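Letter 61 of the sequence shown, counting from 1, is numbered 42 in my numbering, and no numbers are missing.
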Amino acid sequence: MPRGQNLDKVRGTREELARRLGQEPLGPGEAARLVHIRAEKEVLDLFTALPAKERGRVIRAGLEALGLMEGED
């Protein structure tokens, strides 16, 4: 039997895996990415303390405030 063949059976679906890890699976049109952010420590501490969805809202609000979201009001 090839190595890892039964991994999907043991691990389960993405939804089950996310639930076991205490996370929510990505929705349609959502993406996740690791990035490096350079900012004051206090700001980074506050940002990283937020849940992932809230961090996404903060990024969108910042881009909109800077006028970098084209075609968005």
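Glycine residues also receive a C-beta, built at the ideal position from the N, C-alpha and C atoms.
Computed from a predicted model, the values in this text were never measured in an experiment.
Pull up the distance between the alpha-carbon of residue i and that of residue j, whole angstroms please.
| i | j | result |
| --- | --- | --- |
| residue 41 | residue -8 | 33 Å |
| residue 1 | residue -6 | 11 Å |
| residue 25 | residue -13 | 40 Å |
| residue 76 | residue 13 | No statement about residue 76 is possible, as the shown extent of the chain runs from -18 to 54 and does not include it. |
| residue 23 | residue 3 | 26 Å |
Could you spell out where the alpha helix (DSSP H) holding residue i opens and where it closes?
| i | result |
| --- | --- |
| residue 16 | Neither: residue 16 is in no alpha helix (DSSP H) and is coded neither H nor E. |
| residue 43 | 33 to 46 |
| residue 11 | Careful: residue 11 lies outside any alpha helix (DSSP H) and carries neither H nor E. |
In chain order, what residues of the same chain lie with their CB nearer than 7 Å to the CB of residue i, ignoring the 5 residues before and after it?
| i | result |
| --- | --- |
| residue -3 | none |
| residue -1 | 5, 6 |
Excluding the five sequence neighbours on either side, which residues of its own chain have a C-beta within less than 8 Å of the C-beta of residue i, listed in chain order?
| i | result |
| --- | --- |
| residue 55 | Nothing about residue 55 can be reported from this structure: the residues present for the chain run from -18 to 54 only. |
| residue 18 | 25, 28 |
Under a CB-based cut-off of 8 Å, is residue i close to chain C?
| i | result |
| --- | --- |
| residue 22 | Among the chains in the structure shown there is no chain C, since it carries only a single protein chain. |
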